[in-house]
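Residue numbers (this note's numbering), protein chains in the order written: chain E, 1 to 277; chain G, 1001 to 1278.
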């Protein structure tokens, strides 16, 4: 990456998000897309900060990730990053109270981060109030800056393994579905992708949008939901209510899903070996 | 605590019911504490919670202090706030040590004549509480909406026996007090006058409420709200997403204070409201 092109890109990114950031008292924005082969691209609002990202991949809680944060799509910098890093950000770059929103996909995951330029007395409750706006903007940005992202994704940067301690699947969607039990019957279970479809549908998204997010065609979304309905014998409205009561289906246990995926993989490989013999 | 009539105070009768209703939700989200506080505009509060000791404490002494700080700061936050951001650290540490309730979050909802404060708490200290709440925020909102429907009979029974705190008359920072003079808004072609109901409608829309919710709060039929909205947009010449409650000014602002009629100057809660505005 040449420095002049980076600055040019930063200006373009700034043009896109200026109108959103200013009225909300925010000053900093970065968009980061991490691919499965440990490479990433980044788009930043402020050109001075760009060099730091190339030196070290530091705005990531690589050393300590609690399980509930791994499930959640949102984390606050003040709570998870080390105090040295936070003080460095404040003194050198005057960045306060950052927030990062993660959206999972099969082949990559997107981190979008916002931060303020001044101290705020109660950042967490301020952010919780405007969280919906931030989430919609983070969904819209990849569509608005699609040409920019295409240009940059030709020149990906690789994460060095020493700084990247996370297991590689941490924030990706699991490839295979795991079963979560609802009731005691044999047919009373929900798979991860059915639960995801339900959750997104309840948030008011169309089949097309759900398909875009989960990287499947809208027709498969329909079949997922139909299979769920026929298996459990409930209508969609009842399922919305029920999932709320159970709690386990709306909040998907990704760790469990990854573990199930690993087990299935092991069994398949064993079977292959036995067949070969 | 025993009532004048000799019965148990109503909040304590319902603690068992509340625990039954809320526990499946609280357990699945690893929460431990839930409280609803409904404060009426004409003074008085009704309390319900899953924890007996905390309600006792609230009624005896700490409630007064807590409500004071909430009233002062509630305007700066919106529908959602964390307790530790707003309350003094002494109070927060007191609740943490004595009752083992950590990182309380509060959601605010308005109705006609009252405001509801739903608060949730964790059983242990969480290093990333705000991140955790951000993750389950949608579940919390759904639970609050469901609770209002399913626990209507309990709420109605407590309504008659609310805790009488007469000193705190106006808890109505969220829905502004009734102003007989009306409100003024800067439209595209100049100043436009606005009625009290339209002002409240703007507030509710800005909070992101749905049409059915608004119709419940204002006790209008839903189709009438459409009509009100079209009237507003026609009047001002702006689309809805530009209109905000902060653009509206009451006819008697602090600048033109001399014009205030005497009967309105001494109205209950008006002085505090003006002080909070300035």
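Backbone N, C-alpha and C fix where the C-beta goes; we use that ideal spot for every residue, glycine too.
Residue i, buried or exposed, once every other Cβ within 10 Å from all chains shown has been counted against 16
i	result
residue 97/E	buried
residue 1109/G	buried
residue 1242/G	exposed
residue 174/E	buried
residue 188/E	exposed
residue 1136/G	buried
residue 113/E	buried
residue 32/E	buried
residue 1038/G	buried
residue 259/E	exposed
residue 1086/G	buried
residue 1014/G	buried
Three-state class that DSSP yields for residue i in the structure shown
i	result
residue 98/E	strand
residue 113/E	strand
residue 1107/G	strand
residue 1191/G	strand
residue 90/E	helix
residue 191/E	strand
residue 1086/G	helix
residue 62/E	Its pLDDT being 49, under 50, residue 62/E is placed unreliably in this model, and the value from its coordinates should be taken loosely. It is coil, neither helix nor strand.
residue 156/E	coil
residue 1050/G	coil
residue 1132/G	helix
residue 1206/G	helix
residue 1223/G	helix
residue 1023/G	helix
residue 71/E	helix
residue 277/E	coil
residue 202/E	helix
residue 120/E	coil
residue 1099/G	helix
residue 30/E	strand
Residue i versus residue j: straight-line alpha-carbon distance, rounded
i	j	result
residue 1211/G	residue 1218/G	11 angstroms
residue 223/E	residue 1019/G	39 angstroms
residue 82/E	residue 238/E	44 angstroms
residue 278/E	residue 38/E	Residue 278/E is absent from the model: chain E starts at 1 and stops at 277.
residue 263/E	residue 1105/G	39 angstroms
residue 208/E	residue 198/E	14 angstroms
residue 95/E	residue 75/E	16 angstroms
residue 115/E	residue 26/E	6 angstroms
residue 1148/G	residue 242/E	17 angstroms
residue 275/E	residue 261/E	21 angstroms
residue 1199/G	residue 1185/G	10 angstroms
residue 18/E	residue 211/E	29 angstroms
residue 142/E	residue 119/E	29 angstroms
residue 1231/G	residue 1206/G	17 angstroms
residue 1233/G	residue 1204/G	16 angstroms
residue 1061/G	residue 138/E	Residue placement at residue 1061/G is poorly supported in this model, since its pLDDT is 49, which falls under 50; the coordinates are not used for a value here.
residue 183/E	residue 121/E	46 angstroms
residue 1146/G	residue 1034/G	14 angstroms
residue 35/E	residue 152/E	13 angstroms
residue 196/E	residue 1030/G	21 angstroms
residue 268/E	residue 1124/G	42 angstroms
residue 216/E	residue 1017/G	45 angstroms
residue 20/E	residue 1079/G	21 angstroms
Residue nearest to residue i in terms of C-alpha spacing, selected from the options
i	options	result
residue 124/E	1123/G, 1128/G, 1124/G	1128/G
residue 193/E	158/E, 152/E, 30/E, 220/E	220/E
residue 1130/G	77/E, 146/E, 149/E	77/E
residue 1226/G	1237/G, 1214/G, 1027/G	1214/G
residue 1118/G	1221/G, 1237/G, 1100/G, 1022/G	1022/G
residue 1191/G	1236/G, 1201/G, 1229/G, 1208/G	1236/G
residue 11/E	129/E, 128/E, 93/E, 145/E	145/E
residue 30/E	87/E, 86/E, 90/E, 102/E	102/E
residue 177/E	130/E, 190/E, 171/E, 117/E	190/E
residue 72/E	87/E, 104/E, 41/E, 90/E	104/E
Chain E contact residues for residue i, given Cβ-Cβ distances below 7 angstroms
i	result
residue 1081/G	125
Cross-chain neighbours of residue i in chain E, by beta carbon under 9 angstroms
i	result
residue 1021/G	Within chain E, no residue comes near residue 1021/G; the closest Cβ sits about 11 angstroms away, beyond 9 angstroms.
Closer than 7 angstroms at the beta carbon, the chain G residues around residue i
i	result
residue 75/E	1128, 1131
residue 95/E	What residue 95/E touches in chain G: nothing, since even the nearest Cβ is about 18 angstroms away.
residue 86/E	Result: empty, since nearest Cβ-Cβ is about 14 angstroms, beyond 7 angstroms.
Chain G contact residues for residue i, given Cβ-Cβ distances below 8 angstroms
i	result
residue 131/E	1134, 1137
residue 89/E	Those do not exist, as residue 89/E stays about 18 angstroms from chain G at its closest Cβ, beyond 8 angstroms.
Contact set between residue i and chain G, taken where Cβ atoms lie within less than 9 angstroms
i	result
residue 80/E	1127, 1128, 1131
residue 71/E	1135
residue 196/E	Under the 9 angstroms cutoff, chain G gives no residues; its nearest Cβ is about 14 angstroms from residue 196/E.
Amino acids of chain E, ordered along the chain, whose beta-carbon sits closer than 8 angstroms to that of residue i
i	result
residue 1085/G	121, 122, 124, 125
Residue i beta carbon near the ligand MG (any heavy atom closer than 7 angstroms)
i	result
residue 92/E	Inclusion of the ligand MG in the displayed structure is not the case, the ligand content being empty and no account of it being possible.
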